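>
Take a look at the structure:
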């Protein structure tokens, strides 16, 4: 077990294999190994006590990681706008979030003045959600069918899997949504106005445990934009478009034509 | 550790071979947290579905660790590859200054190249040159013929050399 068979390698490959092996001499690795060993034994003991229902630490495939991140993003994207206020005026704004055919959102995370991530999310009245990250990745969370499809556009691959329970699936998103719908906090009308998409927008500010939301709606109470701040320089900007015509296939969780179905963690 | 003295109970195996599994995973990943994840996964799998007919537990567990670590490398590569907007936030492999020295950079280059190999080739390479398993042990661990292991290793070496040569050309001024 201790042979390295390095004579089979070219000089450059042998050098790099040596580099990987010499890292093992670090005392830091020994310390980490000892700590990991202690946690491993504790975890096994706990797992045995919990019979065979233990959630696994790393059995998730890459698709599940993608889905987890996207579901979390989608849950935020959907639940956050469903805020409830205690004034009739704000209720008119809020009503748009409760009754729509489709809601399209462009969500931009900012740190200071720098946009760090932009996603586009669409949800329909059934609760099917699609999030596009850049041009290369899309995730469709199809709660009615209990599954999530991840699309990799460049290799034209589609991966379909059940909605991960541990990833805050649609059920969790809806329960959070219910809580927010029951919210009875104060929505304060702002004095200032903004011009958004060539329309004059009036602002509403809501203070929530997670931070402050500023929602902008036009003269007809149609929500146009929202900003969420949660402390520090981190902010999330939302732009809304209601009842845009969305092709059915865009929100379908069946693999699109020309895409190869791929099992999780397989090439 | 005397192999004959260890029972097949997962806890006993973890007690004796836990460090071996951690280090096998660490050697591939260069990251203690990820190696610990692999280590736990290997033994939790044992608990959930104990294998039968294991002739050598160190070989079996080393192979499991390398397989798991290769999968982690591949998942990381695939994940960050499709997220250009997030790639600026890509975590580095080790907080302990993985990139501090040329030696560490070279190790990372090999990890990156391994992650880009077909899975079987990466597994065979890792088991052979990082874990030191002989051809027969690799064949048994991966359910392949010895001839197939040799062919796969040859392809892996050739592909890695080509990829590392490309990397060197990119780095050269």
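Protein chains in written order, with the numbering used here: chain A, 1 to 267; chain B, 268 to 440.
Note that CB positions come from ideal geometry on N, CA and C, so glycine has one too.
Just so we're clear, the structure is a prediction, and the values are computed from it rather than from any experiment.
Output the residue ranges of the alpha helix (DSSP H) runs that lie fully inside the segment 4 to 51 of chain A and measure 4 residues or longer, sorted by chain position.
11 to 22 and 27 to 49
> Hey, out of 320/B, 292/B and 379/B, whose CA is closest to residue 429/B's CA?
379/B
> List, in chain order, every chain B residue whose beta-carbon is nearer than 9 Å to that of residue 22/A.
370 and 374
> Can you tell me where the beta strand (DSSP E) with residue 162/A in it begins and where it stops?
157 to 162
> DSSP three-state call for residue 282/B: helix, strand or coil?
helix
> Reducing DSSP to helix, strand and coil, say where residue 418/B ends up.
helix
> Name, in chain order, the residues that DSSP records as bridge partners for residue 237/A.
108/A and 227/A
> With distances taken Cα to Cα, identify the nearest neighbour of residue 409/B among 389/B, 425/B and 287/B.
389/B
> What would DSSP say about residue 75/A, mapped onto helix, strand or coil?
Low local confidence applies: a pLDDT of 44 at residue 75/A is under 50, so the model's placement there is unreliable, with the coordinate-based value given in what follows. Residue 75/A: helix per DSSP, three-state reduction.
> Could you pull out every residue in the same chain whose Cβ sits closer than 7 Å to the Cβ of residue 308/B, ignoring the five residues on either side in sequence?
335
> Rounding to the nearest angstrom, what Cα-Cα distance links residue 31/A and residue 312/B in this structure?
25 Å
> How long is the line joining the alpha carbons of residue 423/B and residue 411/B, rounded to whole angstroms?
15 Å
> For the segment 8 to 20 of chain A, list every residue whose C-beta sits within 8 Å of some C-beta in chain B, in sequence order.
8, 9, 10, 12, 13, 15, 16, 17, 19 and 20
> Do the CB positions of residue 143/A and residue 255/A come within less than 7 Å of each other?
no
> Name, please, each residue of chain B whose Cβ falls closer than 8 Å to the Cβ of residue 29/A.
290, 293 and 299
> Specify, as a first and last residue, the run of the alpha helix (DSSP H) that residue 305/B falls within.
The continuous alpha helix (DSSP H) containing residue 305/B extends over residues 299 to 315.
> Does the beta carbon of residue 388/B come closer than 7 Å to any beta carbon on chain A?
Answer no: the Cβ-Cβ gap between residue 388/B and chain A never drops below 7 Å.
> Do the CB positions of residue 217/A and residue 196/A come within less than 7 Å of each other?
No, the Cβ-Cβ distance between residue 217/A and residue 196/A is not below 7 Å.
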